[in-house]
Every structure is written in C-alpha cells, then in structure tokens.
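In the numbering used here, the protein residues as written are 255 to 414.
Here is the structure:
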C-alpha cells in the first residue's frame, strides 16, 4: 500500500533526524543529557521494531524538537546527578536557556558547567562573590522569579 511505501521511505529520514538531535544534545549544556538521549534511543527502537509507524513517528520527532527548542529558551531550577571531581552527586541545577548551567550540591558547594574542548565539566567555585551570586540566583529561581537582573560569574562555557 502507499502508506507502507511512504513509511519505508520516511524511516531513514527519521533515524537521521534522531542522530542529528542526539549530536545536538551531546554538544550542548550537560543538562539531563542521559535522560534526553535515552528517550531518543527508545523512540529509535520503537521506529525500528515497528511499534511506532513512521507516519506517527514524524509527529513524535517534531515533539522532541519542540522540547529541545523550549529547553533552549527557558530558565529553570531542577535536580540532576552531576560529576563533581571524582564523585557523582545529586545537585540542584539552574539552567539559563542553552547558555549557562549552575549547580548547588546538598553539602553547599556551588559552581557551573564549563566546556573544555568537547568535554563538559562541573567546576565548583571558592570565590566568595561568585558563591553569593550563584546562591542569589538559586534563591530567586526557588521563589519562581524567572526574569530580572542577576550578576553572575561566567566562565568560558563554550555554549553553542
């Protein structure tokens, strides 16, 4: 039938678009990367095993792209596990669009995501002014204040 023919032709395009979106996620801020990639891997599996027909897959893929676009422009306060030094710790993260990502651990360390080449690391700061600025950001976001003037320490993040 025509729909299976077009589905057959759509699947490689969808898989290529999934690859492109995964590359984008890997190169961007280290915000819930594993979770976002896992959702796309699950979607890829469903396309490949036929549980999601390619025609429906187009809509799902569009929703993934819309989610990524939304993430690129919102400011939010969330929790995620981060690698800090040689340990993995649960931290609150303040994500400012697709440009900056700050963290605050349960034991009071604060800092930001910093790009070194193709690798992202979470770097804690011991600068008192930076600590105060980052803490003020977390306090504001915790009070649902999403807009305003914030002085923030900015490392060379290399966000793209």
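Cβ atoms here follow ideal geometry from the backbone N, Cα and C, with glycine treated the same way.
* Distance CB(residue 371)-CB(residue 331) smaller than 9 Å -> Your numbering for residue 371 matches position 117 in the chain shown. Your numbering for residue 331 matches position 77 in the chain shown. Against a cut-off of 9 Å, the Cβ pair of residue 331 and residue 371 comes out as no contact.
* Asked: Thinking just about the alpha-carbon of each residue, which of 342, 392, 272 is nearest to the one in residue 349?
  -> Residue mapping note: residue 349 aligns to position 95 of the chain shown, counting from 1. The shortest C-alpha separation from residue 349 is found at 392.
* To do: Identify, in the order they occur along the chain, each residue of the same chain with its Cβ nearer than 7 Å to the Cβ of residue 384, setting aside the five sequence neighbours on each side.
  => Locating residue 384 in the chain shown gives position 130, where the first residue counts as 1. Cβ neighbours of residue 384 beyond the five flanking positions: 407.
* To do: Please state whether DSSP places residue 339 in a helix, a strand or coil.
  => The residue you call residue 339 lines up with position 85 of the chain shown. DSSP places residue 339 in coil when its eight states are reduced to three.
* Determine the direct distance from the alpha carbon of residue 394 to that of residue 297, and round the result to whole angstroms. => In the chain shown, counting from the first residue as 1, residue 297 sits at position 43. In the chain shown, counting from the first residue as 1, residue 394 sits at position 140. Approximately 36 Å, taken between the alpha carbons.
* To do: Below 8 Å on the Cβ atoms is my guess for residue 359 versus residue 338; work out the distance and round it to an integer in Å.
  => The residue you call residue 359 lines up with position 105 of the chain shown. The residue you call residue 338 lines up with position 84 of the chain shown. Between residue 338 and residue 359 the Cβ distance is about 7 Å, and since that is below 8 Å, they are a contact.
* Residue nearest to residue 304 in terms of C-alpha spacing, selected from 285, 269, 321, 276 -> As a first step, residue 304 is located in the chain shown; it is residue number 50 there, counting from the start. With distances taken between Cα atoms, residue 304 lies closest to 269.
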